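Sequential numbering of the sequence shown, starting at 27, is according to our numbering. Scroll down for the structure; my scribbles are underneath it.
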Amino acid sequence: MRLVPLEIGRVVTQNAVIDGSDGATVFPVPSWLIEHPDGLVLFDAGMHIDLQTSVDRIGEATASRFTPDFNPGEELGARLTSRTIRPSDITHLVLSHLHFDHAGGTQEVPDARLVVQRAEWESGQDQKMIDYGIYNPDDYDHGHDRHLLDGEHDLFGDGRVVCLPTPGHTKGHQSLRVELDSGPVVLTGDCVYTEQLLDDDAVPVFTPERAVPQQRESMAYLRSLRDDHGCRLLYGHDEDQFRALPAEGLT
Ligand SMILES: [Zn+2]
27 MRLVPLEIGR VVTQNAVIDG SDGATVFPVP SWLIEHPDGL VLFDAGMHID LQTSVDRIGE
87 ATASRFTPDF NPGEELGARL TSRTIRPSDI THLVLSHLHF DHAGGTQEVP DARLVVQRAE
147 WESGQDQKMI DYGIYNPDDY DHGHDRHLLD GEHDLFGDGR VVCLPTPGHT KGHQSLRVEL
207 DSGPVVLTGD CVYTEQLLDD DAVPVFTPER AVPQQRESMA YLRSLRDDHG CRLLYGHDED
267 QFRALPAEGL T
């Protein structure tokens, strides 16, 4: 088994969005490739290729907060082919949630089975959320075979790739535990953007008020996986951590 970080561009945002402070932050936008003996899995798909040239598809509210920094050759399909993987060979696309910087590359892996929490898929069909620009079905709704989950799910039945619900940031957010030979790793998605936020117990600014207790619970769960169960956490948008990962991945 191997876990490889793919960088599907970056997003630049004002710190006011994250923690209320001044300045700007650059977020890497990751897709994680997991090479399992029984399949090729991606956790998240990064941004839609159209964002390389225009922000039209993300709507004004989002575009006012997040500026994509995304160049030709950084889209998911190109990242895979540069590793000599055909995009059609991806067997599973596990989505942490359906926001534009996680689900936008879905159409680039046409034969993958989507693995999404049912609550998240339903949010992604909610017309109000779509009108508000929180979700865009053109990111994820392309007729892929779908496996909608109602909780924890062991992808191959061997305990090596396991979906873990971590709701709060969105209703059906999930993280992914990967058992490498070097030890267990948990991809946190947007439940935790950066290690600093987890250590500060800082709930991301845009978490809906009613979801704050649930978000805190999910963060506490991930923290306990790290502190009590020896899991290495790989955060959703942690630039320092992401840059320090070996390009050939972890085994
Ligand atoms: Zn994100």
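Where is the CB? At the ideal position from N, CA and C, for every residue including glycine. Computed from a predicted model, the values in this text were never measured in an experiment.
Please name the residue, chosen from the options, that lies closest to residue i on a Cα-to-Cα basis.
i	options	result
T110	I84, D64, L119 and L59	L59
D225	R242, T233, K197 and N41	R242
L106	P163, G72, K154 and G215	G72
Y166	A237, H263, S122 and R91	S122
D266	F53, L29, V30 and R144	F53
G198	S80, E178 and S208	E178
L190	L213, D207, H168 and G209	L213
G185	D207, G194 and H173	D207
F232	V142, R36, A104 and N41	N41
A50	T277, R36, E101 and D180	R36
A138	S108, Q200 and H170	H170
D237	G209, P272, T196 and E205	What sits at residue 237 in the sequence shown is Ala, not Asp. Comparing Cα-Cα distances from A237 to each of G209, P272, T196 and E205, the minimum goes to T196.
A145	Q153, T277, P193 and T79	P193
D70	E101, E205 and T132	T132
A246	V188, V204 and A228	A228
M27	H255, R203 and L259	R203
L223	A273, G209, L259 and D164	L259
Q163	E235, H173 and W147	Reading off the sequence shown, one finds Pro at residue 163, where the question assumed Gln. It is W147.
S80	P98, L66, L68 and V142	P98
L29	Q153, E205 and E221	E205
L248	R269, G275, Q200 and F268	Q200
G130	P56, V188, D152 and E235	P56
G103	D180, L68 and R83	L68
Would you identify the three-state DSSP class for residue i, choosing helix, strand or coil?
i	result
T220	coil
I156	helix
V141	strand
G215	helix
Q151	coil
P113	helix
For residue i, I'd like the list of residues in its chain whose CB is within less than 6 Å of its CB, leaving aside the five on either flank, ordered along the chain.
i	result
D159	One detail in the question is off: residue 159 reads as Gly in this sequence, not Asp. Closer than 6 Å at the Cβ level, and outside the excluded window around G159, lie G85, A87 and T88.
V135	P113, I116 and L119
Y161	L124, G150 and M155
L24	The chain is shown from 27 up to 277; residue 24 falls before or after that span and cannot be answered.
E33	P54
I75	E101
L271	P31
C257	P210, V212 and L251
N172	The question names Asn, but residue 172 in the sequence shown is Arg. Here the set comprises L140.
Does any C-beta atom of chain E lie closer than 9 Å to the C-beta of residue i?
i	result
P193	Among the protein chains of the structure shown there is no chain E, as only one such chain exists.
Which first and last residues belong to the alpha helix (DSSP H) in which residue i is found?
i	result
Q133	It is not in any alpha helix (DSSP H) - Q133 carries neither H nor E in the DSSP assignment.
P239	V238 to H255
Leaving aside the five residues before and after residue i along the sequence, list all residues of the same chain whose C-beta is less than 8 Å from its C-beta, in chain order.
i	result
Y219	I44, F53, P230, Y261, G262, H263 and D264
H255	P210
Going by DSSP, what residue range makes up the beta strand (DSSP E) through residue i?
i	result
S201	Q200 to L206
E274	Neither: E274 is in no beta strand (DSSP E) and is coded neither H nor E.
P191	V187 to P191
L260	R258 to L260
V120	H118 to V120
P31	R28 to Q40
Using C-beta distances below 7 Å, list every residue in its chain close to residue i, excluding the 5 sequence neighbours before and after it, in chain order.
i	result
D64	F182
| In the region 52 to 107, which residue ranges form an unbroken alpha helix (DSSP H) of at least 4 residues, counting only runs that do not cross its ends? | Within the region 52 to 107, the complete alpha helix (DSSP H) segments of 4 residues or longer fall at 85 to 89 and 102 to 107, listed in chain order.
| message | Please give the ranges of any beta strand (DSSP E) in the region 156 to 180, keeping only runs that are unbroken, at least 3 residues long and fully inside the region. | response | Every unbroken stretch of the beta strand (DSSP E) spanning 3 or more residues and falling wholly within the region 156 to 180 is given here in chain order: 172 to 175.
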